[in-house]
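Working notes for the structure below.
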Amino acid sequence: MSNAPDQAALKRDNVLWLLAAMAFVIAPHAERLPLWVSATCIGVAVWRGLIAWHGWKMPHGLFVAGLAIATAAGTWLSYSRLYGRDASSTLLILMLCLKLLEMRSRRDALLTVFLGFFLVFTNFLYSQTVLMGLYMLICVWIFMGTLVGFNRVGTQASFRERALPAGKILLQAIPLMLVVFILFPRVSTPLWRLPQEGTTGRTGLSESVSPGDLNKLIQSEQVAFRADFKGTIPKNNRLYWRGPVMMEFDGRTWTMPPFPGVQSIQTAGIEAKGDEIDYVVTLEPHGKTWMFALDMPLMLPQDSYLQTDYQIRSSTPINALRRYEMRSALNYVLQRPLSPEARRRFTSLPLNSNPRATQFAQQLRANNPTDRGLINATLLLFNQQFIYTLEPPMLGRSPVDEFLFDTKRGFCEHYASAFVYLMRAAGIPARVVLGYQGGEINTVGNYLIVRQADAHAWAEVWLDGEGWVRTDPTAAVSPDRIERGMDLALGPVGVLPNLIAADRLGLLRQLRYTWDAFNNQWNQWVVGYNTDRQAYFLQNLGIDAKDWKQLAMWLMFGGLGASGLVAALILLQRRASRKDPALRAYEKFLTRMRARGVDRLPHEGPVDLLARIGRERPELLPGSTQVTDLYIALRYATPGSVSEKDPRLQALRAAVANIRNG
Amino acid sequence: MQLQIRERIADWIYRAKAPETPPVILVQRRIYIVPTRHGYLFAFILLLLLLASINYQLSLGYLLVFLLASIGGMGMLHTWRNLAQLSLSPGRAEPVFAGDTAQFSLRLGDSLLPRYAVAVRRAGGDAEYADVPLGGGATVTLPVAASRRGWLRCGRLEIFTHYPFGLFHAWSYVDFGMRCLVYPRPDPGAGSLPVEAAQHGEGTSLMPGEDEFHALRSWRPTDSPRHIAWKALAREQGLLSKEFMSTASSDLWLSWDHFPGLGTEERLSRLTFWVLEADRLGLAWGLKLPGTRIALNVGDAHRMACLEALALYQIEAPSP
Numbered sequence: 001m002s003n004a005p006d007q008a009a010l011k012r013d014n015v016l017w018l019l020a021a022m023a024f025v026i027a028p029h030a031e032r033l034p035l036w037v038s039a040t041c042i043g044v045a046v047w048r049g050l051i052a053w054h055g056w057k058m059p060h061g062l063f064v065a066g067l068a069i070a071t072a073a074g075t076w077l078s079y080s081r082l083y084g085r086d087a088s089s090t091l092l093i094l095m096l097c098l099k100l101l102e103m104r105s106r107r108d109a110l111l112t113v114f115l116g117f118f119l120v121f122t123n124f125l126y127s128q129t130v131l132m133g134l135y136m137l138i139c140v141w142i143f144m145g146t147l148v149g150f151n152r153v154g155t156q157a158s159f160r161e162r163a164l165p166a167g168k169i170l171l172q173a174i175p176l177m178l179v180v181f182i183l184f185p186r187v188s189t190p191l192w193r194l195p196q197e198g199t200t201g202r203t204g205l206s207e208s209v210s211p212g213d214l215n216k217l218i219q220s221e222q223v224a225f226r227a228d229f230k231g232t233i234p235k236n237n238r239l240y241w242r243g244p245v246m247m248e249f250d251g252r253t254w255t256m257p258p259f260p261g262v263q264s265i266q267t268a269g270i271e272a273k274g275d276e277i278d279y280v281v282t283l284e285p286h287g288k289t290w291m292f293a294l295d296m297p298l299m300l301p302q303d304s305y306l307q308t309d310y311q312i313r314s315s316t317p318i319n320a321l322r323r324y325e326m327r328s329a330l331n332y333v334l335q336r337p338l339s340p341e342a343r344r345r346f347t348s349l350p351l352n353s354n355p356r357a358t359q360f361a362q363q364l365r366a367n368n369p370t371d372r373g374l375i376n377a378t379l380l381l382f383n384q385q386f387i388y389t390l391e392p393p394m395l396g397r398s399p400v401d402e403f404l405f406d407t408k409r410g411f412c413e414h415y416a417s418a419f420v421y422l423m424r425a426a427g428i429p430a431r432v433v434l435g436y437q438g439g440e441i442n443t444v445g446n447y448l449i450v451r452q453a454d455a456h457a458w459a460e461v462w463l464d465g466e467g468w469v470r471t472d473p474t475a476a477v478s479p480d481r482i483e484r485g486m487d488l489a490l491g492p493v494g495v496l497p498n499l500i501a502a503d504r505l506g507l508l509r510q511l512r513y514t515w516d517a518f519n520n521q522w523n524q525w526v527v528g529y530n531t532d533r534q535a536y537f538l539q540n541l542g543i544d545a546k547d548w549k550q551l552a553m554w555l556m557f558g559g560l561g562a563s564g565l566v567a568a569l570i571l572l573q574r575r576a577s578r579k580d581p582a583l584r585a586y587e588k589f590l591t592r593m594r595a596r597g598v599d600r601l602p603h604e605g606p607v608d609l610l611a612r613i614g615r616e617r618p619e620l621l622p623g624s625t626q627v628t629d630l631y632i633a634l635r636y637a638t639p640g641s642v643s644e645k646d647p648r649l650q651a652l653r654a655a656v657a658n659i660r661n662g
Numbered sequence: 001m002q003l004q005i006r007e008r009i010a011d012w013i014y015r016a017k018a019p020e021t022p023p024v025i026l027v028q029r030r031i032y033i034v035p036t037r038h039g040y041l042f043a044f045i046l047l048l049l050l051l052a053s054i055n056y057q058l059s060l061g062y063l064l065v066f067l068l069a070s071i072g073g074m075g076m077l078h079t080w081r082n083l084a085q086l087s088l089s090p091g092r093a094e095p096v097f098a099g100d101t102a103q104f105s106l107r108l109g110d111s112l113l114p115r116y117a118v119a120v121r122r123a124g125g126d127a128e129y130a131d132v133p134l135g136g137g138a139t140v141t142l143p144v145a146a147s148r149r150g151w152l153r154c155g156r157l158e159i160f161t162h163y164p165f166g167l168f169h170a171w172s173y174v175d176f177g178m179r180c181l182v183y184p185r186p187d188p189g190a191g192s193l194p195v196e197a198a199q200h201g202e203g204t205s206l207m208p209g210e211d212e213f214h215a216l217r218s219w220r221p222t223d224s225p226r227h228i229a230w231k232a233l234a235r236e237q238g239l240l241s242k243e244f245m246s247t248a249s250s251d252l253w254l255s256w257d258h259f260p261g262l263g264t265e266e267r268l269s270r271l272t273f274w275v276l277e278a279d280r281l282g283l284a285w286g287l288k289l290p291g292t293r294i295a296l297n298v299g300d301a302h303r304m305a306c307l308e309a310l311a312l313y314q315i316e317a318p319s320p
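Sequence order for the protein chains is A and Y. Count the first sequence with my numbering and you get residues 1 to 662, in order. Count the second sequence with my numbering and you get residues 1 to 320, in order.
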């Protein structure tokens, strides 16, 4: 009998619950996992289910060990390593699945559940949305229900007997969780260095751009970042969100140099003209290091640096939501002398890559002695002869030539690329800037949503006496794109916008904005809750916690308060349920009788009281007789306590209720 | 070793010397609670998750850790509540023969909330589990091997639970002074009953049904209902018992002296066998032990009196 708890833990229903919990928690990983991993997991789960169902024998330990080694090797083959986010979560999933085949005692079963919480955690490495949070709450619920089943020894827990206690305790735990979440001191720097990892499956700008690259991005409705402005949101045509800057060209693809150099923001030569704009950017994880700011930034967020190409880079890849405050000048002068070496660099082109364009540029140069004139002539040409389209023809070996002289149809990166090529060929230093342009104003939350669809490429040229000047050739071709945004320039993209376009009353749009505003709040207050936000929030609450010691004090009191409150509620609830439901109904009857002038005397039993009612208030006798008979039957003629489902109890309650009405 | 330390601690915690009077309600100060080994493991896992959350700066990771920790804390309250206010009362332990298993029972009384997997165990024994339904009760029976005759004491009982999550061990002790009478183990080596003293031939007069009606006498409370003279009662002669006299019975004395040269326990075992045998055959018998003499009689009460005398021979009666 000493292994009764062991036997109880490994009962069929318990194993099936554990399998369900595992399936739920692994499911969000499925799209990222190699096919063989998913297949192995499903196979193992089905096998373990059958073992539990039919009472088959467990596989031999050596066999499971062999499988473990094989799957570890498989993971190494798939990821070419065993550490890092993807590989290690895959390994954890596989090992936990195999653990199911090695689950021989209550200890094993409990350990599997505990390690299952790690799987919940791994999901947050990929997504921290509201929906993921809620989904994982359900997963924790199932795991806790599994634990409840493990700890029922002797009898089997029904579905309700697992789900209800687990769910109740889950709800009871939430106040304390919130208090601790708010007050637990946050550390702003990681404890140890995380392995840098290439990102898979994340959409966003990349280190290089060649014709057609941005097309895919433009189709994506995914949010790149959100920006909350302190004042009014500037006009669309002034919203140039600077991203990676490309300065090397191989004839087809623009790339950025690996180490462009770092400069301090004070000595970067950014001269603000006019108003400075304050805003907060909440950047979605994109796996790269660039951080977006409006041209030109006047400050730097924490843990970031400014490159000589005025690009802000984070010191670590942005793998989690990052929230930072920014200040920018929309009117600015970027005037710093350009060294001869830099001039050479920004005018260099591969030899003989696009000969027709080179020749055309020299011709332009001859016709336009000033740089300004040359630029305007080029933009005019674009404006008059070129078409802006999302579906440009494919380009071959000399894309600039083909685009300029043959197809004449293209997208922002075509224009930026061709423009910078022409400038360089004409001897004007120039570079391609990637980033986002514009954004969508969420009228519900009054902030700007910038989506991948807002990805854009433009050019910067160096003019003597003016410094670096932004020139957007796309604006010359399709002014709408810049002034009013993507949707209006090209019509809606994707399925959702189509629906929204059909949404005459604007209800869908309103709903979508509300949902996005909610997500934004979630990002700001939950996902982006860090040291700064905590300090700000606590200050607003009137909690003065200057250092972690004070915070720890508050945490202790808050935690005690929250848990004490819930504990008190739980214990009070027990008091209330202590009374027999029949007695409670009868007490209600007594209150009603008192209101009608018949007060029960201390020595009177129900029958005596009824007799007196008959004497004093005969009109109440029929109803009272019914109540008294039912009460006596329930209270004195029924062994044990009264079940809530007893029809007589319901009849008693109805009879009591009738007295008020009668 | 570990068990001994635990027992020591238990002795220290549970200082009540005298057996308690039932029912005992497990009030707050009687219930102790500590994390189980799995509770510590859970805490360790949470610590790892917390470190990971800090390092990856994952807010939802923090939420997960705090949620699980809060669930653990609330679970502690529920584990405690699974025992709190439980009422306990001892059940009757029927006498057994040495070598058999005594069944001590404990009633977990009318509960105001459903309780699950409440376990009861004796020091060093295996736990028995029971669920206590809302408004009802449950009885837990603890089997204990009875090796020697005399009084078998149940001793202190530990009532504990790990429900709902197995992270905490809540427990309490109770000692009702429950005891079970253990009769000597019957030894068939005693041989057939000592009827040679009878005046009739062997065997003939021993069979049941051959008892001869002897006389009517006034009824005594120890008389078997089978022997009540119902006809006399119907004739309104009062409650009378029919007195049977087996021809051999007048001399069937089961005596200590039948087994010269044997040790005390052997003699008791053999006498026990004879008592059972005589009872089985429906004979009237008397028992003679040094210092004790039980008169000739028949019936269940008589048998039990004899067995008790055998069980407790030279054993001090414990204070009740």
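Positions of the beta carbon are idealized from the N, C-alpha and C atoms, including for glycine.
Subject >> Per DSSP, the bridge partner or partners of Phe229 of chain A >> reply: Answer by DSSP bridge pairing, in chain order: A:Tyr279.
Original post:
So what's Asn442 of chain A in DSSP terms, helix, strand or just coil?
Top reply: In the three-state reduction of the DSSP assignment, Asn442 of chain A falls in the strand class, which pools E and B.
**OP:** Classify Glu644 of chain A as buried or exposed, calling it buried when 16 or more other Cβ atoms lie within 10 Å of its own Cβ.
**Re:** Counting Cβ neighbours within 10 Å, Glu644 of chain A comes out exposed, since fewer than 16 surround it.
Original post:
So, does the CB of Leu25 of chain Y fall closer than 9 Å to a CB anywhere in chain A?
Top reply: According to the sequence shown, residue 25 of chain Y is Ile rather than Leu. Closer than 9 Å to the CB of Ile25 of chain Y there is not a single CB belonging to chain A.
**OP:** For Lys721 of chain A, name the three-state secondary structure that DSSP assigns.
**Re:** Within the shown structure, residues of chain A are numbered from 1 to 662, placing residue 721 of chain A beyond reach of any answer.
Subject >> Sufficient close CB pairs (3 or more, under 8 Å) joining the segment 52-69 of chain Y to the segment 183-195 of chain Y >> reply: Contact between the segment 52-69 of chain Y and the segment 183-195 of chain Y is absent, because fewer than three Cβ pairs lie under 8 Å.
Original post:
Any C-beta of chain Y sitting closer than 9 Å to the C-beta of Arg584 of chain A?
Top reply: It does not: the Cβ of Arg584 of chain A has no partner Cβ on chain Y nearer than 9 Å.
Subject >> Nearest residue (CA-CA) to Leu422 of chain A, options A:Glu341, A:Leu306 and A:Gly251 >> reply: Nearest in C-alpha terms to Leu422 of chain A, of all of A:Glu341, A:Leu306 and A:Gly251, is A:Gly251.
**OP:** Kindly list the residues whose CB is nearer than 6 Å to the CB of Ala475 of chain A, restricted to its own chain and excluding five residues on each side of it in sequence; keep chain order.
**Re:** Only residues of its own chain outside the window of five on either side were considered, and among them Ile482 have a CB closer than 6 Å to the CB of Ala475 of chain A, listed in chain order.
Original post:
Do Leu77 of chain Y and Leu26 of chain Y have their CB atoms nearer than 9 Å?
Top reply: In this structure, the beta-carbon distance from Leu77 of chain Y to Leu26 of chain Y does not fall below 9 Å.
Subject >> Range of the contiguous alpha helix (DSSP H) that encloses Ser417 of chain A >> reply: Ser417 of chain A -> alpha helix (DSSP H) spans Cys412 to Ala425.
Subject >> For Gly137 of chain Y, the nearest candidate out of Y:Thr272, Y:Ala127, Y:Leu113 and Y:Gly261 (CA to CA) >> reply: Ranking Y:Thr272, Y:Ala127, Y:Leu113 and Y:Gly261 by Cα distance to Gly137 of chain Y puts Y:Leu113 first.
Original post:
Looking at the structure shown, is Cys154 of chain Y part of a helix, part of a strand, or coil, going by DSSP?
Top reply: In this structure, Cys154 of chain Y counts as coil in the three-state DSSP scheme.
Original post:
Which residues in chain Y sit within 7 Å of Thr155 of chain A, going by Cβ to Cβ distance?
Top reply: Neighbours of Thr155 of chain A on chain Y, chain order: Asp131.
Subject >> Distance, Asp406 of chain A Cα to Asn354 of chain A Cα >> reply: Asn354 of chain A and Asp406 of chain A: Cα-Cα distance of roughly 13 Å.
Original post:
Which residues mark the beginning and the end of the alpha helix (DSSP H) in which Lys168 of chain A is found?
Top reply: Looking at the DSSP string, the run of the alpha helix (DSSP H) that includes Lys168 of chain A is Phe159 to Leu183.
**OP:** May I ask you to list, following chain order, the residues of the segment 70-84 of chain Y that have a beta carbon less than 8 Å from some beta carbon of chain A?
**Re:** Cβ contacts with chain A: Ser70, Ile71, Gly73, Met74, Gly75, Leu77, His78 and Arg81.
Original post:
How is Gly124 of chain Y classed by DSSP in three states: helix, strand or coil?
Top reply: Assigned with DSSP and collapsed to three states, Gly124 of chain Y falls in coil, not helix or strand.
Original post:
Do you know whose CA, among A:Thr308, A:Ala227 and A:Val598, lies nearest Asn446 of chain A's CA?
Top reply: Minimum Cα distance to Asn446 of chain A is reached at A:Ala227.
Original post:
Buried or exposed: where does Thr204 of chain Y fall if 16 or more other Cβ atoms within 10 Å of its Cβ makes it buried?
Top reply: Only weak support is given to the placement of Thr204 of chain Y: the predicted model assigns it a pLDDT of 41, under 50, and the question is left unresolved by the model.
**OP:** Could you name the residues of the same chain whose beta carbon sits closer than 7 Å to that of Arg267 of chain Y, not counting the 5 residues immediately before and after it, in chain order?
**Re:** Excluding sequence positions up to five before and after Arg267 of chain Y, its CB lies within less than 7 Å of the CB of Trp256 and Phe259, all in the same chain and listed in chain order.
Original post:
Can Leu252 of chain Y and Ala278 of chain Y be called in contact, C-beta distance under 9 Å?
Top reply: Cβ atoms of Leu252 of chain Y and Ala278 of chain Y: closer than 9 Å.
Original post:
For Gln172 of chain A versus Met304 of chain Y, is the C-beta distance shorter than 9 Å?
Top reply: No, the Cβ-Cβ distance between Gln172 of chain A and Met304 of chain Y is not below 9 Å.
Original post:
Quick one: what does DSSP say Met22 of chain A is sitting in, helix, strand or coil?
Top reply: Here DSSP, grouped into helix, strand and coil, assigns Met22 of chain A to helix.
Subject >> Cβ pair Ala459 of chain A, Ile218 of chain A closer than 9 Å >> reply: Pairing Ala459 of chain A with Ile218 of chain A gives a Cβ-Cβ distance that is not under 9 Å.
Subject >> Where the beta strand (DSSP E) containing Ile300 of chain A begins and where it ends >> reply: The question names Ile, yet the displayed sequence has Leu at residue 300 of chain A. Note, Leu300 of chain A: premise wrong, no beta strand (DSSP E); not H, not E.
**OP:** Kindly list, in the order they appear in chain A, the residues whose Cβ is closer than 8 Å to that of Leu63 of chain Y.
**Re:** Against Leu63 of chain Y, the close residues of chain A are Gly133, Met177, Phe181 and Val526, in the order they occur along the chain (beta-carbon pairs closer than 8 Å).
**OP:** Taking C-beta pairs closer than 7 Å, name the residues in chain Y that Ser563 of chain A reaches, listed in chain order.
**Re:** By Cβ distance, chain Y contributes Gly73.
Original post:
For Trp254 of chain A, which of A:Lys230, A:Glu619, A:Val209 and A:Ala545 has the nearest alpha-carbon?
Top reply: Considering only alpha carbons, the answer is A:Val209.
Original post:
Using DSSP with H/G/I as helix, E/B as strand and the rest coil, what is Leu572 of chain A?
Top reply: Taken through DSSP and simplified to helix, strand or coil, Leu572 of chain A comes out as helix.
Subject >> Close Cβ partners of Pro244 of chain A (< 7 Å) along its chain, the five nearest in sequence each way excluded >> reply: For Pro244 of chain A, where only same-chain residues beyond five positions count, the Cβ hits under 7 Å are Leu205, Glu207, Met256, Trp290, Gln311 and Leu434.
Original post:
Taking the alpha helix (DSSP H) that Trp241 of chain A falls in, what are its first and last residues?
Top reply: Trp241 of chain A -> not in any alpha helix (DSSP H); beta strand (DSSP E) instead, spanning Tyr240 to Met246.
Original post:
To which residues of the same chain is Ala320 of chain A closer than 8 Å at the C-beta, ignoring the five residues directly before and after it?
Top reply: Contacts found: Gln128, Pro285 and Val527.
Subject >> Ranges of the alpha helix (DSSP H) found wholly within the segment 526-573 of chain A, counting only runs of at least 4 >> reply: Complete alpha helix (DSSP H) runs here, min 4: 531-541.
Original post:
To the nearest whole angstrom, what separates the beta carbons of Leu240 of chain Y and Ser218 of chain Y, a pair I think is in contact under 8 Å?
Top reply: Rounded to the nearest angstrom, the Cβ distance from Leu240 of chain Y to Ser218 of chain Y is 6 Å, consistent with a contact under 8 Å.
**OP:** Say whether the segment 342-353 of chain A touches the segment 405-419 of chain A, bearing in mind that this needs 3 or more beta-carbon pairs closer than 8 Å, one atom from each stretch.
**Re:** No: the two stretches stay apart, fewer than three of their Cβ pairs being nearer than 8 Å.
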